[in-house]
Ligand SMILES: [Zn+2]
Ligand SMILES: [Zn+2]
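Numbering (the numbering used here), first residue to last: 334 to 696.
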């Protein structure tokens, strides 16, 4: 029998949470008063121990992020006065998403999937424009690649992709985010990496390969045959290479990762206050456990950067999650592409959560 450790809960006092949300600094306290009564009511829900909207963070094992990375939590004031805070300004307020390689066999599927992600980011970063750059093949990036010795899947070099993104970054970009279904590695001695970012350059690259439920199973189809040789610069190995099936789980994981990572580019650090999409995560189980939404303290951080109306933002997110709606920008071309409905089953809890928030915001 293994040792069963009791789950630990990080329960901050209401006072501590209040100071994290509304600092004593006069100007920041005054700014807080500019929120509507309903908006303040929603954020202050997070201070209540019996809140049904916001819950404390629970630790399940020593490999969880907070246990492995002890550091001071970032409250609203330290975010606001941080030299790493980055705010979109006029002329530099577009988020660009660059797809690298295929996302679902057919090109039309890639387009559709990335379109859903785009729309989600636009609702999450309410007020900003999110644009898709034309997808590129792995070959077009000129990146190094390899076969992983343990998992025998193809991997591409994350740093090379960042160099490529830097050259592609448009002038009006707040940030550029590269996404790929192929696994990444940061350097030869490392096994893999989920993603890599340069916050000062406003760019990051992230892989969804390991979000495939099959990734760690023996039957994983991304494994290459034993003894398969690859030649440097010969990218033909990527044509027709396996990509994870597009499911509701893959979509929710992708939405979570992309919004979390862009959050870092704004200067938000890992959240240690309440359950929040900005919580750090060391492994997939921990990342699945964190919610899609921001806690009140991180919500205030983002709101101070984007100045959105909270109800408008939640309505946009809720609308995105409505089942069976076609994507915002339907195909205009005449080709007969069978568009599937957005798989939103995994978003059920988030949908209910948003509805409850809207009840508070609409009084
Ligand atoms: Zn993070
Ligand atoms: Zn948070």
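Where a beta carbon is used, it is the ideal one built from N, C-alpha and C, also for glycine. Bear in mind that the values here come from a model prediction, so they are computed numbers and not experimental data.
Looking at C-alpha atoms only, which residue of the options is the closest neighbour of residue i?
i	options	result
residue 595	507, 557, 579, 574	507
residue 351	372, 363, 379, 529	379
residue 608	675, 631, 616, 466	631
residue 686	388, 576, 359	388
residue 340	382, 393, 643	393
residue 582	643, 510, 455, 545	545
residue 703	624, 584, 503	It is not possible to answer for residue 703, since the shown part of the chain is limited to 334 through 696.
residue 484	362, 414, 553	553
residue 681	656, 692, 480	656
residue 509	615, 429, 616, 361	429
residue 638	457, 348, 385	457
residue 511	495, 475, 463	495
residue 586	431, 541, 627	541
residue 514	622, 432, 369	432
Please name the residue or residues paired with residue i in a DSSP beta bridge.
i	result
residue 530	537
residue 392	341
residue 490	518
residue 574	In DSSP, residue 574 forms no bridge with anything.
residue 463	428
residue 469	433
residue 590	According to DSSP, residue 590 bridges with nothing at all.
residue 506	427
Indicate, with yes or no, if ligand 1 has a heavy atom lying under 8 Å from the CB of residue i.
i	result
residue 613	yes
residue 594	yes
residue 603	yes
residue 597	yes
How long is the line joining the alpha carbons of residue i and residue j, rounded to whole angstroms?
i	j	result
residue 633	residue 551	44 Å
residue 669	residue 618	At residue 669 the pLDDT is 38, less than 50, meaning the model places this residue with poor confidence; the figure from the coordinates comes in the next sentence. The alpha-carbon atoms of residue 669 and residue 618 are separated by roughly 39 Å.
residue 717	residue 505	Lying before the first or after the last residue shown, residue 717 is absent from the chain, which here runs from 334 to 696.
residue 580	residue 435	16 Å
residue 589	residue 678	15 Å
residue 665	residue 418	For residue 665, the pLDDT reaches just 46, beneath the cut-off of 50, and the residue's location in the model is therefore unreliable, leaving the point undetermined.
residue 605	residue 344	10 Å
residue 335	residue 403	Low confidence applies here, because residue 335 scores a pLDDT of 44, under 50, leaving its location unreliable; read the following figure in that light. If I take the Cα positions, the gap works out to 26 Å.
residue 460	residue 641	7 Å
residue 689	residue 645	14 Å
residue 377	residue 629	7 Å
residue 493	residue 539	13 Å
residue 599	residue 635	8 Å
residue 531	residue 443	25 Å
residue 612	residue 584	19 Å
residue 298	residue 597	The shown model of the chain, from 334 to 696, leaves out residue 298, and the question about it has no answer.
residue 356	residue 591	29 Å
residue 667	residue 673	Because residue 667 carries a pLDDT of 39, less than 50, the predicted location of this residue cannot be relied on, and the following value inherits that uncertainty. Taking the straight line joining both Cα atoms gives about 16 Å.
residue 420	residue 593	16 Å
residue 660	residue 346	For residue 660, the pLDDT reaches just 49, beneath the cut-off of 50, and the residue's location in the model is therefore unreliable, although a value from the coordinates is still provided. Rounded to the nearest angstrom, the two C-alpha atoms are 42 Å apart.
residue 360	residue 643	21 Å
residue 576	residue 398	28 Å
Between residue i and ligand 2, is there a pair consisting of the residue's CB and a ligand heavy atom that are separated by less than 8 Å?
i	result
residue 399	no
residue 650	no
residue 606	yes
residue 627	yes
residue 631	yes
residue 690	no
residue 508	no
residue 609	yes
Are there three or more Cβ pairs, one per stretch, closer than 8 Å when the region 480–496 is compared with the region 513–525? Segments in contact, yes.
Between the region 496–505 and the region 563–574, can you find at least three pairs of beta-carbon atoms closer than 8 Å? With a cut-off of 8 Å, the region 496–505 and the region 563–574 do not count as touching, because too few Cβ pairs lie within range.
Are there three or more Cβ pairs, one per stretch, closer than 8 Å when the region 422–435 is compared with the region 547–564? No, the region 422–435 is not in contact with the region 547–564.
For the 8 Å Cβ check, are there 3 or more pairs between the region 644–656 and the region 395–409? No: fewer than three Cβ pairs fall under 8 Å.
Is the region 524–541 touching the region 438–455, taking contact as three or more C-beta pairs under 8 Å? The region 524–541 vs the region 438–455: no contact.
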